[in-house]
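One structure is given below, encoded as structure tokens.
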Amino acid sequence: MDRLLEILSDLHPEIDFEECTTLIDDGILDSFDIVSLISEINEEYDVVISAEYIVPENFNSAEALYALIEKLEEE
Amino acid sequence: MLFTSYRFLAFLLVLFVLYYVIPKKTQWMLLLVASYVFYAFAGWEYFIFMGITTLSTYGAGLLIDRNHSRQKAYLAEHKAELSKEEKKAYKEKQKNKRFAIMVVCLVLNFGILAVLKYTNFMIANINGVLEMTGSDKVLAFQDLILPLGISFYTFQSMGYLIDIHRGKYGAQKNVLKFALFVSFFPQLIQGPISRYDDLEKGLFGQHAFDWHTVSFGLQRILWGYFKKLVIADRMLIGVNAIIGDTESFTGFYVFLGMLFYALQLYADFTGGIDITIGIAQVLGIKMQENFNRPYFSKGIKEYWRRWHISLGAWFTDYLFYPISVCKPMLKVSKWSRKLLGEQVGKRVPVYAASIAVWFVTGIWHGAAWNFIVWGLGNCFFIMLSQECEPLYEKFHNRFAVKEKMWFKAFQIGRTFLLMSSLRMLDCYRDVPMTFRMFGSMFTDWNIGEVLSTGIWNLGLGLHDYIVLLIGIVILLTVSLVGRRGSVRDKIASKPMWVSMAVFGGMFIAVILFGAYGMGYDASQFIYNQF
Amino acid sequence: MKEKKNVRGKIFATVAIGLVLIIVILGLLQRLVMPKYMGEVKEGALIGEYYDENKDFDVVFIGDCEVYENFVPAVLWENYGINSYIRGSAQQLIWQSYYLAEETLTYETPDVIVFNVLALQYNEPQKEAYNRMTIDGMRWSPSKVGSIQASMMEDENFIEYVFPLLRYHDRWSALEKEDFTYLFGAEKVGHNGYYMQVGIEPVEYIPEGRRLGDYSFGDNAWSYMDKMVALCEEKGVELVLIKAPSLYPEWYDEWDVQVEEYAAEHNLKYINFLECTEEIGLDYSTDTYDAGLHLNLYGAVKLTDYFGEYLVTECGLEDRRREEALAAEWEVKLERFYEQKEELEALEEEK
Numbered sequence: 001m002d003r004l005l006e007i008l009s010d011l012h013p014e015i016d017f018e019e020c021t022t023l024i025d026d027g028i029l030d031s032f033d034i035v036s037l038i039s040e041i042n043e044e045y046d047v048v049i050s051a052e053y054i055v056p057e058n059f060n061s062a063e064a065l066y067a068l069i070e071k072l073e074e075e
Numbered sequence: 076m077l078f079t080s081y082r083f084l085a086f087l088l089v090l091f092v093l094y095y096v097i098p099k100k101t102q103w104m105l106l107l108v109a110s111y112v113f114y115a116f117a118g119w120e121y122f123i124f125m126g127i128t129t130l131s132t133y134g135a136g137l138l139i140d141r142n143h144s145r146q147k148a149y150l151a152e153h154k155a156e157l158s159k160e161e162k163k164a165y166k167e168k169q170k171n172k173r174f175a176i177m178v179v180c181l182v183l184n185f186g187i188l189a190v191l192k193y194t195n196f197m198i199a200n201i202n203g204v205l206e207m208t209g210s211d212k213v214l215a216f217q218d219l220i221l222p223l224g225i226s227f228y229t230f231q232s233m234g235y236l237i238d239i240h241r242g243k244y245g246a247q248k249n250v251l252k253f254a255l256f257v258s259f260f261p262q263l264i265q266g267p268i269s270r271y272d273d274l275e276k277g278l279f280g281q282h283a284f285d286w287h288t289v290s291f292g293l294q295r296i297l298w299g300y301f302k303k304l305v306i307a308d309r310m311l312i313g314v315n316a317i318i319g320d321t322e323s324f325t326g327f328y329v330f331l332g333m334l335f336y337a338l339q340l341y342a343d344f345t346g347g348i349d350i351t352i353g354i355a356q357v358l359g360i361k362m363q364e365n366f367n368r369p370y371f372s373k374g375i376k377e378y379w380r381r382w383h384i385s386l387g388a389w390f391t392d393y394l395f396y397p398i399s400v401c402k403p404m405l406k407v408s409k410w411s412r413k414l415l416g417e418q419v420g421k422r423v424p425v426y427a428a429s430i431a432v433w434f435v436t437g438i439w440h441g442a443a444w445n446f447i448v449w450g451l452g453n454c455f456f457i458m459l460s461q462e463c464e465p466l467y468e469k470f471h472n473r474f475a476v477k478e479k480m481w482f483k484a485f486q487i488g489r490t491f492l493l494m495s496s497l498r499m500l501d502c503y504r505d506v507p508m509t510f511r512m513f514g515s516m517f518t519d520w521n522i523g524e525v526l527s528t529g530i531w532n533l534g535l536g537l538h539d540y541i542v543l544l545i546g547i548v549i550l551l552t553v554s555l556v557g558r559r560g561s562v563r564d565k566i567a568s569k570p571m572w573v574s575m576a577v578f579g580g581m582f583i584a585v586i587l588f589g590a591y592g593m594g595y596d597a598s599q600f601i602y603n604q605f
Numbered sequence: 606m607k608e609k610k611n612v613r614g615k616i617f618a619t620v621a622i623g624l625v626l627i628i629v630i631l632g633l634l635q636r637l638v639m640p641k642y643m644g645e646v647k648e649g650a651l652i653g654e655y656y657d658e659n660k661d662f663d664v665v666f667i668g669d670c671e672v673y674e675n676f677v678p679a680v681l682w683e684n685y686g687i688n689s690y691i692r693g694s695a696q697q698l699i700w701q702s703y704y705l706a707e708e709t710l711t712y713e714t715p716d717v718i719v720f721n722v723l724a725l726q727y728n729e730p731q732k733e734a735y736n737r738m739t740i741d742g743m744r745w746s747p748s749k750v751g752s753i754q755a756s757m758m759e760d761e762n763f764i765e766y767v768f769p770l771l772r773y774h775d776r777w778s779a780l781e782k783e784d785f786t787y788l789f790g791a792e793k794v795g796h797n798g799y800y801m802q803v804g805i806e807p808v809e810y811i812p813e814g815r816r817l818g819d820y821s822f823g824d825n826a827w828s829y830m831d832k833m834v835a836l837c838e839e840k841g842v843e844l845v846l847i848k849a850p851s852l853y854p855e856w857y858d859e860w861d862v863q864v865e866e867y868a869a870e871h872n873l874k875y876i877n878f879l880e881c882t883e884e885i886g887l888d889y890s891t892d893t894y895d896a897g898l899h900l901n902l903y904g905a906v907k908l909t910d911y912f913g914e915y916l917v918t919e920c921g922l923e924d925r926r927r928e929e930a931l932a933a934e935w936e937v938k939l940e941r942f943y944e945q946k947e948e949l950e951a952l953e954e955e956k
């Protein structure tokens, strides 16, 4: 989780990712951010977040994203 | 049937009345019949293509959906006996099956679209190459039909198929209901490209007559006609005059034409969408918005999140992400980071996907180099602004102007002019001509001539300019007021006579000042051709 | 509860008043933008004037400019005591003539209907503006509906006849003084449908008629001729076919033969006045106001007098000058007729 927060802060240092739950709804993460995020996660956790998982529910908060990573790691 | 034909209005009237008279359970069937009647007016032969898309997507959706449930059932049933590896292998096998079904259906449908829309463009290019190589062989152009709304309904259906494949929702089991989703008439002509889960409830639900919804829908329709008939179609006269004569109308004329076209396109397209969403609302169906005051965007990326939203979202979800985060691309990303360094390397997937998306977006708009250049032009400026991001940041750290009114206005103006310049590729015959006309804006200094006498040579008289000016002021006012909540809500909260006056006045204005009937060519919605 | 009812009533009243207001405004706008035909092009006003009449005519003329420029009902009354009216309009097409005849026969049954056969040359609608001049003046009736449906050009819509505002809305930018002056009623243009012209422009040369590939009239045109014949027969009205003595547009011999044959076949009277210009005493150097296209008042008086004689002897029309009410009516009409004649002649002098 900490590593994920680090990756996120690299993208947008000004955002408090532990609190924010509207990353997509408020347009904080745009499509470019999401793609860099996914490739970073791929490096870090060795999971592939394919396009079907790119929905607001999975990316609105760091927590949700981490849950997704864990779920994918399991599979 | 054009939105601006008397026949269409009569069609709507009959539909609206019938819709609330018949049993609510059958409302969706009426919509299907109405949509097919609407489509039949365009041409019977088009039904073949829509039929293929409807049936193939329906079938593929069902197969994929069934496979999903079968996999689930199988795994649940054999939970105990299967090892993790076996489960994985089974899943993989099923996944490949589903993928194959989807690909076949995608290839078929996009294939039809591509053949009908791009064959002649390909032939023209091949002929160009042949000519350059000195060959005297020439391929003949094919006489192909382009079914009404094919780009829209194909995209909408394929979005559904991909969503089913992703397991986002279950397939529609009733082929007639699915046929309605594909053919729903208000969005056939120019979109929006709706998502199945957005539309499902509205299309197949039961709707009781609700005065509030119906009157708001009618108001929206009226507003759409106002934009379309009073502003867009009158402006079109000037646009056509300027782009129709590239010999005489250079320099400041081009700039004027660019502004005219920006307004005309906006009024035409958003007006059409207002009519579409308004019709759906009268029918009790909520449709996603397709515009969000795009000309107030402060940057290109923002502009594209606010203009033709459904198309941009479609490309992002079904093309941009699949390309940029697919496994091979992730490999490319890893490799490029090693090779080119972190900063450059991480851009590779995003930029590769962007270029692909914008190329396709361009060619989606039309089978011509103009549109390809237009699409890639957009892509170029998006990347440029992305690359300039650190510079901007430095600038903003140094000068505290970010929140200043005038700076925002500057950003809005800059974005508007940039998008309008790119849009000139819509107007002129070919790419070199567009560049020549664009260049003439900076070389032909005829602003004095244009403003003193030139504006009277564009087929527009003083009365036209007055109507346009008032129309644009109204448009702008509504746009600004609309930033803080629905304008219709605001009017509805006032005494009854206010809304009577507003909409009565607008109705009279459309009838009196609309550019329709004798002397005006029935100008089709610009997006008809796509 | 009562309060709620009150609110509802109030809303209903507002909506009702609002709708009425909108309709009234649209109605006024429609009147405002519709052409008044009071300036240069007065012919468009003729058709509507019929409804003010007592509709007890012995003879009704139907046709294009060759009737409303060439026959003078005042002369028929003064010289023969024949009460006549011209339902003519510019480039009236044969189906429009038919429907005008049909409509006329719902109001009255004259002894004779006179139809000018030049319109047989057109088998299809020609020009929207002329359709409008003939049709807009008609009151609503099945005949008007029929006439519209038969006349519409490809880019016309029926609803634009029902609500002419939809057709003329764009005239808001071209409104003239007459549009306001005549907002609630026009001045009378015709004299029982006759449109008076007193100018003189002698015939200097007659443009030769273009050779045609095919001289036979079209099926559509003939079918309305048949309908007209059947209609008159049914109502017991004698149908007289004429060709006015306009020198051009060319009336081809090939055409004349067809009409003659048709008349003989259906037992109709047909007079081609072009063949009896000498008997009539027409002098084309003084009797036309536009070099041969139409007769002026002086030529029309001669032609009408000649035709009056024919109506009395061949159709057996009686002299009604002893009918007091009718005579009184005509006295007023004649006064206006001669007044305008003097006025126009004075204007002509000034030129």
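Protein chains in written order, with the working numbering: chain R, 1 to 75; chain W, 76 to 605; chain F, 606 to 956.
Ideal Cβ positions, reconstructed from N, Cα and C, are used throughout, including at glycine.
Source: prediction; values computed, not measured.
What does a CB cutoff of less than 7 Å around Tyr111 of chain W pick up in its chain, not counting 5 residues either side in sequence?
Excluding sequence neighbours, Tyr111 of chain W sits near Ser258.
If you measure from the beta carbon of Phe395 of chain W to each beta carbon in chain R, is any gap under 9 Å?
So yes, Phe395 of chain W belongs to the interface.
Name, in chain order, the residues that DSSP records as bridge partners for Leu844 of chain F.
Paired residues: F:Ile718.
Would you say Asn762 of chain F lies against chain W (beta-carbon separation less than 9 Å)?
Interface residue, yes.
Hey, out of W:Gly450, W:Met233 and W:Ala342, whose CA is closest to Thr132 of chain W's CA?
Residue W:Met233 is the option with its Cα nearest to Thr132 of chain W.
For Leu551 of chain W, count the other beta carbons within 10 Å of its own beta carbon; 16 or more makes it buried, fewer makes it exposed. Which is it?
Flag for Leu551 of chain W reads exposed.
Based on DSSP bridge pairs, tell me the residues matched to Arg498 of chain W.
BP columns for Arg498 of chain W are empty, so no partner.
Among all the DSSP beta bridges, which residues are the ones paired with Phe470 of chain W?
Answer is none; Phe470 of chain W lacks a bridge partner.
When you compare the CB of Glu32 of chain R with every CB in chain W, is at least one pair closer than 9 Å?
Inspection of the sequence shows that residue 32 of chain R is occupied by Phe rather than by Glu. It does; some Cβ of chain W falls within 9 Å.
Where does Ile97 of chain W sit, in a helix, a strand or coil, going by DSSP?
The answer is coil: DSSP assigns Ile97 of chain W none of H, G, I, E or B.
Taking DSSP as the reference, what is the three-state secondary structure of Asn797 of chain F?
Asn797 of chain F falls in the coil class under three-state DSSP.
Expressed to the nearest angstrom, what Euclidean distance is found between the alpha-carbon atoms of Ile318 of chain W and Phe330 of chain W?
When rounded, the distance between both Cα atoms is 11 Å.
Under the rule that 16 or more other beta-carbon atoms within 10 Å means buried, what is Ala67 of chain R, buried or exposed?
So Ala67 of chain R counts as exposed.
Starting from the beta carbon of Tyr81 of chain W, find every residue of chain F whose beta carbon is closer than 9 Å, and list them in chain order.
What Tyr81 of chain W touches in chain F: Asn762, Phe763, Ile764, Glu765 and Leu771.
Between Ile49 of chain R and chain W, is any beta-carbon pair separated by less than 9 Å?
Taking Cβ atoms only, chain W reaches closer than 9 Å to Ile49 of chain R, which makes this a yes.
From Gln621 of chain W to Trp286 of chain W, what does the alpha carbon distance come to, in whole angstroms?
The structure shown does not extend to residue 621 of chain W, since chain W spans only 76 to 605, so no value can be given for it.
Excluding the 5 residues preceding and the 5 following Gln281 of chain W in the sequence, name in chain order all residues of the same chain whose CB lies nearer than 6 Å to its CB.
Counting only Cβ-Cβ distances below 6 Å, and skipping sequence neighbours, we find Lys99.
Specify whether the stretch 730 to 750 of chain F and the stretch 554 to 566 of chain W touch according to this definition: at least 3 beta carbon pairs, one from each stretch, less than 8 Å apart.
Touching, no, given that fewer than three Cβ pairs across the two stretches are closer than 8 Å.
Check for me: the beta strand (DSSP E) holding Val646 of chain F runs from which residue to which?
Taken as a continuous stretch (DSSP letters only), Val646 of chain F belongs to no beta strand (DSSP E), as it is neither H nor E.
Give the range of the alpha helix (DSSP H) segment to which Lys409 of chain W is assigned.
Counting along the chain, the alpha helix (DSSP H) containing Lys409 of chain W begins and ends at Lys402 to Leu415.
Give a yes or no on whether the C-beta atoms belonging to Val577 of chain W and Ile586 of chain W are separated by under 9 Å.
No, the Cβ-Cβ distance between Val577 of chain W and Ile586 of chain W is not below 9 Å.
Can you confirm whether Glu44 of chain R, when its beta carbon is compared against all beta carbons of chain W, has any partner nearer than 9 Å?
Chain W, which has no Cβ nearer than 9 Å to the Cβ of Glu44 of chain R, makes this no.
Output yes if chain W places a C-beta closer than 9 Å to the C-beta of Leu626 of chain F; else output no.
Yes - at least one Cβ of chain W is within 9 Å of the one on Leu626 of chain F.
Given Ala755 of chain F, which residues of its chain have a CB within under 6 Å of its CB, disregarding the five upstream and five downstream residues?
These residues qualify, in order along the chain: Trp700.
Can you find at least 3 beta carbon pairs, one from the stretch 891 to 911 of chain F and one from the stretch 859 to 867 of chain F, that sit closer than 8 Å?
No: fewer than three Cβ pairs fall under 8 Å.
Give me the residue from F:Thr619, F:Tyr829, F:Glu919 and F:Leu900 with the minimum Cα distance to Tyr727 of chain F.
The candidate whose alpha carbon is nearest that of Tyr727 of chain F is F:Tyr829.
Of all the CB atoms in chain W, is at least one closer than 9 Å to the CB of Ser9 of chain R?
Chain W contact via Cβ: absent.
Roughly how many angstroms separate the alpha carbons of Glu708 of chain F and Val190 of chain W, rounded to a whole number?
When rounded, the distance between both Cα atoms is 58 Å.
Taking 8 Å as the cut-off, is the C-beta of Ser752 of chain F nearer than that to any heavy atom in the ligand ZN?
Absence of the ligand ZN from the depicted structure is noted, as is the absence of any ligand whatsoever, leaving it without description.
By the criterion of Cβ-Cβ separation under 9 Å, what are the contact partners of His20 of chain W in chain F?
Outside the shown range of chain W (76 to 605) lies residue 20 of chain W, about which nothing can therefore be said.
Within the stretch 160 to 189 of chain W, note down every full beta strand (DSSP E) run reaching 3 residues or more, in order along the chain.
Entirely contained in the stretch 160 to 189 of chain W, not one beta strand (DSSP E) run reaches 3 residues.
Among F:Ile627, F:Glu914, F:Ala869 and F:Trp682, which residue has its Cα nearest to the Cα of Glu928 of chain F?
Measuring from the Cα of Glu928 of chain F, the nearest candidate turns out to be F:Trp682.
Let me make sure I understand the geometry here. Which of F:Ile627, F:Thr619 and F:Val620 has the alpha-carbon closest to that of Ile583 of chain W?
Comparing Cα-Cα distances from Ile583 of chain W to each of F:Ile627, F:Thr619 and F:Val620, the minimum goes to F:Ile627.
Give me the residue from W:Phe434, W:Val448 and W:Phe482 with the minimum Cα distance to Asp501 of chain W.
The shortest C-alpha separation from Asp501 of chain W is found at W:Val448.
From F:Asn797, F:Leu887, F:Phe785 and F:Gly921, pick the residue whose C-alpha is nearest to that of Met643 of chain F; which is it?
When only C-alpha atoms are compared, the closest one is F:Phe785.
Look up Gly804 of chain F in the DSSP assignment and say whether it is helix, strand or coil.
Coil, per DSSP.
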